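Here's the structure we're looking at; comments come further down.
In the numbering used here, the protein residues as written are 58 to 206.
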C-alpha cells in the first residue's frame, strides 16, 4: 500500500477534563486549544474548540477519538476526525503520563483520519483516508499524517 505525506500536525492541549470510570474504561477529554499544520498542498492553523476524547482501557490501551477544525492559510475550514490507539511498555506509558518526552519508536501511536470540507481547493480531502503516527509531547502531540494512495 502506497502513501505520501499529507501534513505534519501539532496540537496544543489544555488541562484534561477527567470524567473518571465509565463502563468501558476511564474517560478523559483533552481540550485542544490551538495548533498548526503544514504539508505539500495545505497549511494553516488549528482552531480552538476541538478535543481528544480518550478512553483508557483495562488492557493498558488508550483509545483516541480526536475532532478538530483546521483553517487553511487561505481561509478554508476543514473538519478532521480520527480514531486511534496508543500503547506500549508500562515504563514508557508511565513516563508519558508524567508528561515526559519519550522517543516515539518506544510505543505504538497510530490513528486513522477522515476529513470534510466544502472548499473546492481542498475537496480532494473528502475522498481520502489518511494514517498518522504520533509523538506525544508534554504540550500536545505531533502527528505525521500520510494519505493512503
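Note that beta-carbon positions come from the ideal geometry of N, C-alpha and C, so glycine has one too.
No experiment lies behind these values; they were computed from the predicted model shown.
A distance below 8 Å between beta-carbons, with the five flanking residues on each side excluded, links residue 102 to the following residues of its chain, in chain order: 91, 92, 93, 94, 127 and 128. When DSSP reads this structure, residue 127 sits in a beta bridge with 103 and 135. In this structure, the alpha-carbon of residue 98 lies about 7 Å from that of residue 63.
It is roughly 16 Å from the alpha-carbon of residue 165 to the alpha-carbon of residue 203. Under the three-state reduction of DSSP output, residue 155 falls in the coil class, being neither helix nor strand. Here DSSP, grouped into helix, strand and coil, assigns residue 179 to helix. By the CB criterion at 8 Å, residue 108 and residue 124 fall inside the cutoff. The Cβ neighbour count for residue 58, taken over all protein chains shown within 10 Å, is under 16; the residue is labelled exposed. Between the alpha carbons of residue 172 and residue 200 lies a distance of about 15 Å. Taking a contact to require three or more Cβ pairs closer than 8 Å, the stretch 177-186 and the stretch 156-165 do not qualify as touching. In this structure, 156 is the residue among 104, 156 and 169 with its C-alpha nearest to the C-alpha of residue 194. Comparing alpha carbon positions, the residue from 105, 121 and 185 closest to residue 112 is 121.
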